[in-house]
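There are 2 protein chains.
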Amino acid sequence: MNESQSSAGVRRRELRRDAVDNRERVLAAAAAAVRREGTAVPMATVAANAGVGVGTVYRHFPSREALLGALTHRSFQMVLDAATKAAETDQPAIAAVRAFLHQTIEHGPDLVLPLHGGPLVVDEDTVKVRAQAHRRLDALLSRGEHDGTIRPDVRTADLVIFGALLAQQLPYVPDWTRTARRLVDIYVAGLAP
Amino acid sequence: MNESQSSAGVRRRELRRDAVDNRERVLAAAAAAVRREGTAVPMATVAANAGVGVGTVYRHFPSREALLGALTHRSFQMVLDAATKAAETDQPAIAAVRAFLHQTIEHGPDLVLPLHGGPLVVDEDTVKVRAQAHRRLDALLSRGEHDGTIRPDVRTADLVIFGALLAQQLPYVPDWTRTARRLVDIYVAGLAP
DNA sequence: AGTTAAGCGGACGATATCGTCCGCATGGTT
DNA sequence: AACCATGCGGACGATATCGTCCGCTTAACT
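Chains as they are written, first to last, in this note's numbering: chain A, -7 to 185; chain B, -7 to 185.
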């Protein structure tokens, strides 16, 4: 992870240190703001929450769409990480699935996935990350079918979708984390053959 | 269901027939629009989709907030109806729960519940309807605990929340209904003691 | 079929948000 | 420590959306 990114190096030099910082602060502020106010949140709000000027936001992300796209990418990356981490252990597959879903809840506050509320465009890179996450979970489910801990009719997409839904936080629900964990545990119980 | 509504009659006369029609069309169009574009959807879009002028929208719902509030109320009413209908049958409680959740999915396209994406204010009347729905489901869960078809640690809120989450439709998921049904069936399987 | 008040539509001024632009600040380099 | 290119902030003109207002239309009643 050095110099220019994956596809045909576009970035000429390293970003200046303050620029790297600011970029990260903008992303964090944006995630929080989008969760709080939805995808139509004014860029000025994001900028203010990040403690930078609007100009800085637009420099790093040339349009609102680009910013939202970056949030989505970041979120799928988190999902991928959670899936990878969960799959690494040698516990029964169903336990790994449970761990994955719990992890997703934990990441909840930072996840901005393309749920309803404005069309978040998903770019090519993001599609790749999403595909990787799917593959990881696919393997996990196969393992579950094989070791007999998971019923065979479960789709990979179900896990991602369920996780995405749980990453939402309903404003009127106090103590969301606990509720989400209950939902997961019951769902996981239903996963047994 | 005649004349003025429940609480202290506010409406002086009956609405004219065309007015009733238009009100309904606005609500339907608004539900669709909000699902498609989020709660920040321009009022002009709603009006256009309903085939009326903006003036008409604002006459029936004095502010955007009022319109969103009406949608929320209507949605909880649907949830209540689904819960009532499901509880009426004399099948085992767990089957009724399953029916309730499937019904909720069916209503999906019309449900606009206070999920993330802008604070939908929930008014007093709506709170009452929501409470009724909760009571209905409470009774159902008790019955389930009693007839031994449902584990006792399930919270009523879980059902409402799960239903609400399922009523979302993730834009990138094709054939959402089928997926949602799978999620429900697995969840319901997990509900057994 | 005439009367009238309820209802309708959409133009309009006010306001909010967008994304750009440019003079100033600062990290990095010699 | 001096240079300067990268990065920063926020004012600004352009655009989008808001909610109101009022002259016209039409349902409802006689």
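Backbone N, C-alpha and C fix where the C-beta goes; we use that ideal spot for every residue, glycine too.
When the alpha-carbon of A:Leu183 is set against those of A:Ala21, A:Asp115, A:Pro166 and A:Leu132, the nearest one is in A:Leu132. In this structure, A:Val49 and A:Ala39 form a Cβ contact; the two beta carbons are roughly 5 Å apart against a cut-off of 8 Å.
Assigned with DSSP and collapsed to three states, B:Tyr50 falls in helix. Excluding its 5 nearest sequence neighbours in each direction, A:Tyr179 has C-beta neighbours in its own chain below 7 Å: Phe154, listed in chain order. Taking C-beta atoms as the reference points, B:Gly30 and B:Thr118 fail to come closer than 8 Å.
Counting of Cβ neighbours within 10 angstroms places B:Ser55 among the exposed residues, the total staying below 16. A:Ala125 has a beta carbon lying at 8 Å or more from every beta carbon in chain B. The beta carbon of A:Asp102 sits closer than 6 Å to those of Ala23, all from its chain and outside the five residues before and after it, given in chain order. Contact annotation for A:Thr171 against chain B: Arg147, Ala149, Asp150 and Ile153 [CB-CB distance below 9 Å, chain order]. The beta carbon of B:Gly182 sits closer than 8 Å to some beta carbon of chain A. Going by C-alpha positions, B:Asp167 is about 46 Å away from A:Arg8. Residue contact with chain B for A:Pro106: present (Cβ-Cβ distance below 8 Å to some residue of chain B). When 8 Å is used as the limit between beta carbons, B:Gln160 is near these residues of chain A: Leu107, His108, Leu157 and Gln160, in chain order. Look at A:Ile178: its C-beta is under 8 Å from a C-beta on chain B.
Between the region 68 to 83 of chain B and the region 92 to 101 of chain B, the count of Cβ pairs shorter than 8 Å is three or higher; the stretches touch. The beta-carbon distance between B:Arg147 and A:Arg174, rounded to whole angstroms, is 7 Å. This is short enough to meet the 8 Å contact definition. Within the region 11 to 32 of chain A, the residues whose Cβ lies closer than 9 Å to any Cβ of chain B are, in chain order, Val26, Arg27, Arg28, Glu29, Gly30, Thr31 and Ala32.
With a cutoff of 8 Å on beta-carbon distance, B:Leu112 and B:Thr64 are scored as near each other.
Note that the C-beta distance between B:Ala75 and B:Arg128 is below 8 Å. Inclusion of A:Ala21 and A:Ala42 in the CB contact set at 8 Å is warranted, their separation being smaller than that value. Distance between A:Ala85 and A:Leu151, taken at the CA atoms: about 13 Å. Here the alpha carbons of B:Ile97 and A:Asp115 stand approximately 29 Å from one another.
Setting aside the 5 residues that flank it on each side, A:Thr141 is surrounded in the same chain by Pro84, Ala85 and Ile86, each with a C-beta closer than 6 Å to its C-beta; the list follows chain order.
For the region 33 to 58 of chain A, there are no residues whose beta carbon sits under 8 Å from a beta carbon of chain B.
Chain-ordered listing is empty here: chain B has no CB closer than 9 Å to the CB of A:Leu103, the nearest sitting near 11 Å. Nearest to A:Asp177 by alpha-carbon distance, out of A:Tyr164, A:Leu162 and A:Leu158, is A:Leu158. Straight-line spacing of the CA atoms in A:Asp130 and A:His99 works out to 21 Å.
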